[in-house]
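Take the sequence shown: its position 401, counting from 1, is numbered 412 in the numbering used here, and each next residue is one higher.
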Amino acid sequence: PFLNKKLTYEKWLKQNHLINQKTIDNEISSFSIHPTFAIIILGDTLDKIQRTTDSITNQSYLAHILFVANNSIANNLGFNSIDLEKPLVNSFTKNEFVLFLDSGDLLVDHCLFYIAKEINSSKNVKCIYFDEDVISTAGKRNSPNFKPGWSPDLLLNYNYVLHAFFHSTLLTQLICINDSAVDITYQLLISKMLERQEISHIQSVLLSSEESINIFNKSENANPLFITKEPLISIIIPTRNKAQLLKQCLLSIIEISTYSNYEIILIDNRSDEVEMEEMIQLFLKRKDIHIEVVRADIDFNFSSIINLGAKKSKGEYLLFLNNDMQVISPDWMERMVAHAQQIHVGAVGAMLLYPDNSIQHAGIVLENENISKHVFLGKRTDEKIDQLSYTRNYLAITAACLLVDSKKFIAVGGFDPKFKVEFNDIDFCLKLYEKGFYNVFLPDVMLYHYESSTRRHPHSDKKSYKRHKKEVALMRNKWELYISNDPYNTNRY
Numbered sequence: 012p013f014l015n016k017k018l019t020y021e022k023w024l025k026q027n028h029l030i031n032q033k034t035i036d037n038e039i040s041s042f043s044i045h046p047t048f049a050i051i052i053l054g055d056t057l058d059k060i061q062r063t064t065d066s067i068t069n070q071s072y073l074a075h076i077l078f079v080a081n082n083s084i085a086n087n088l089g090f091n092s093i094d095l096e097k098p099l100v101n102s103f104t105k106n107e108f109v110l111f112l113d114s115g116d117l118l119v120d121h122c123l124f125y126i127a128k129e130i131n132s133s134k135n136v137k138c139i140y141f142d143e144d145v146i147s148t149a150g151k152r153n154s155p156n157f158k159p160g161w162s163p164d165l166l167l168n169y170n171y172v173l174h175a176f177f178h179s180t181l182l183t184q185l186i187c188i189n190d191s192a193v194d195i196t197y198q199l200l201i202s203k204m205l206e207r208q209e210i211s212h213i214q215s216v217l218l219s220s221e222e223s224i225n226i227f228n229k230s231e232n233a234n235p236l237f238i239t240k241e242p243l244i245s246i247i248i249p250t251r252n253k254a255q256l257l258k259q260c261l262l263s264i265i266e267i268s269t270y271s272n273y274e275i276i277l278i279d280n281r282s283d284e285v286e287m288e289e290m291i292q293l294f295l296k297r298k299d300i301h302i303e304v305v306r307a308d309i310d311f312n313f314s315s316i317i318n319l320g321a322k323k324s325k326g327e328y329l330l331f332l333n334n335d336m337q338v339i340s341p342d343w344m345e346r347m348v349a350h351a352q353q354i355h356v357g358a359v360g361a362m363l364l365y366p367d368n369s370i371q372h373a374g375i376v377l378e379n380e381n382i383s384k385h386v387f388l389g390k391r392t393d394e395k396i397d398q399l400s401y402t403r404n405y406l407a408i409t410a411a412c413l414l415v416d417s418k419k420f421i422a423v424g425g426f427d428p429k430f431k432v433e434f435n436d437i438d439f440c441l442k443l444y445e446k447g448f449y450n451v452f453l454p455d456v457m458l459y460h461y462e463s464s465t466r467r468h469p470h471s472d473k474k475s476y477k478r479h480k481k482e483v484a485l486m487r488n489k490w491e492l493y494i495s496n497d498p499y500n501t502n503r504y
């Protein structure tokens, strides 16, 4: 989604794939693991298979064995044939990694070297995938597919991995010979659902496929998630004055939501407007909703306010919501809980829109310049953006609308009060990620966000700017690893 308009892909490739054979030889000699690669080519077009085999035999890393699934072509070219209708687990040695290719796929220069290098860096890795592009009939490479880090929730809806090297011990199931290499790879990934430490993503373009492949095909195996019961959700809304905004928020929850088992906890942070108190009292008298008001008589600290609301809640799930939100999707809570109840999921977020229907939040990525940024900020919802068609994983989502299992909230210690105004939600999400959970963005759950209606810009005076600089320093000291290399930031050039 982030392409540099001043740098062509062709020039970028030349700048980022410069490595000489001497360097490669030196690194290979230092490897403690020297894996063998078994590469299985599918298809029945002789000239395409020949192009694929040429790209393999020209690799700088030489420990590889070629197999062709078509017996007659294998014999014609002098390569080994292999029967995919038998389990492959016993066909290879324990140090072998297996790659399935379709005829016409090309491994780029030094592909196998980079894979071997990754195996030596990540000793427990069982699957390695990488970025890819498309090659035209004229031999021009284009349309780079820069993939995110391991995204189990994205994978269930969209085969974003395409090609991958698998450790031979994973090949325990029968493989249909009529499937493509991409289909076989997807079925193996879905059936195994590897742990994070067992799968690696190399941020380099290591394979080129023919133009006929549609990389945005939605998976036919996508299964929508449903809830079998309605656990109690505690909707925690920090608020200060702005009675009309809060009223709009509360009415949208009550009148639009189809979910019924929830409570609303208002954390009132020193409101001093008469209209605010009058409005709260009107809602407290309603019989169709359970609302509790908690008075937070403290200087503004978003993290402390959120933690207070969580402490007062009774729900199995906590839903943090800004007071300047307005519900659009009636089934928003059902869909968010359906994901949050998954064992591997941490925080769940939604698509937040400005009142003009442009995007305010569609996930957060980390980056060096500004610590973080919202992806697709300001884009129109009527623009065709393929990445917004699928549930996705990100390191962080905004706490303006964030749902999490209360047990997981407690497990990571809630929000950190050191982050009074900024980065508190990012810090919280990163703590979940460090615990092994995956944070999820749902593009089809939508709310309006009347952002900046409730408080000043965080850099509006010297005191707030000083606090901003302090929180930036806290983030850099604590999370530099992810700030410098967010696995879900696909901006490669």
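Just so you know, even glycine gets a beta-carbon here, dropped at the ideal spot from N, CA and C. Given the structure is predicted, the values throughout are model-derived calculations rather than measurements.
Assignment of Gln259 by DSSP, reduced to helix, strand and coil, places it in the helix class.
Taking a contact to require three or more Cβ pairs closer than 8 Å, the stretch 319 to 326 and the stretch 239 to 255 qualify as touching. Check the Cα spacing between Leu217 and each of Lys137, Phe124, Asp190: the tightest is with Phe124. Counting of Cβ neighbours within 10 angstroms places Ser179 among the buried residues, the total reaching 16 or more. Between Tyr461 and Leu257, the alpha-carbon positions lie close to 11 Å from each other. By the neighbour-count criterion, in which 16 or more other beta carbons inside 10 Å mark a residue as buried, Asp144 falls on the buried side. Under the three-state reduction of DSSP, Lys128 is assigned to helix. Under the DSSP assignment, Arg297 falls outside any alpha helix (DSSP H); it carries neither an H nor an E label. If you draw a straight line from the Cα of Ala175 to the Cα of Asn82, it comes to about 24 Å. With fewer than 16 other beta carbons inside 10 angstroms of its own, Phe237 counts as exposed.
A straight line joining the alpha-carbon of Ile408 with that of Gln371 spans about 12 Å. Within its own chain, the residues whose Cβ lies closer than 8 Å to the Cβ of Met336, once the five positions on either side in sequence are excluded, are Cys260, Ser263, Leu363, Ala411, Cys412, Leu458, Tyr459, His460, Tyr461, listed in chain order. Rounded to the nearest whole angstrom, the C-alpha separation of Asn435 and Glu266 is 30 Å. When DSSP states are grouped into helix, strand and coil, His372 belongs to the strand group.
Contact between Leu406 and Tyr493 holds: their C-beta atoms lie close to 6 Å from each other, under 8 Å.
Taking every protein chain shown into account, the CB of Asp497 has 16 or more other CB atoms within 10 angstroms, so this residue is buried. For the pair of segments examined, the stretch 123 to 139 was found to touch the stretch 24 to 40: the number of CB pairs separated by less than 8 Å reaches three.
Counting other Cβ atoms within 10 Å of its Cβ, Cys138 reaches 16 or more and is therefore classed as buried. Burial is judged here by how many other beta carbons sit within 10 angstroms of a residue's own beta carbon; Asn280 has at least 16 and is buried.
Here Leu95 is near Ala80, since their CB atoms are less than 9 Å apart. In the DSSP assignment, Lys33 falls within the alpha helix (DSSP H) that extends over 32 to 41.
Along the length of the stretch 385 to 448, whole beta strand (DSSP E) runs at least 3 residues long occupy 403 to 405, 412 to 416, reported in chain order. Scanning its chain for C-beta atoms nearer than 8 Å, with the 5 sequence neighbours on each side dropped, one finds around Leu319 the residues Ile278, Val305, Ala307, in chain order.
Per DSSP, Val109 is not a residue of any alpha helix (DSSP H); the beta strand (DSSP E) it occupies stretches across 107 to 113. DSSP places Thr68 outside any beta strand (DSSP E); the residue lies instead in the alpha helix (DSSP H), whose first and last residues are 57 to 68. Note on geometry: alpha-carbon atoms of Lys384 and Asp438 lie some 14 Å from one another.
Rounded to the nearest whole angstrom, the CA to CA distance from Lys59 to Gly115 is 5 Å. The beta carbon of Ser133 sits closer than 6 Å to those of Ser211, all from its chain and outside the five residues before and after it, given in chain order. The three-state secondary structure of Leu205, taken from DSSP, is coil.
Assignment of Glu327 by DSSP, reduced to helix, strand and coil, places it in the coil class. If you ignore the 5 residues before and after Asp55, its C-beta comes within less than 7 Å of the C-beta of Asn81, Ile84, all in its own chain and listed in chain order.
For Ile52, the secondary structure class from DSSP, reduced to helix, strand or coil, is strand.
Counting the other Cβ atoms within 10 Å of the Cβ of Ala321 gives 16 or more, which makes it buried. Ranking Tyr197, Ser495, Gln255, Val172 by CA distance to the CA of Glu289 puts Gln255 first.
Ala484 is the residue among Glu107, Tyr401, Ala484, Phe387 whose C-alpha sits nearest the C-alpha of Glu380.
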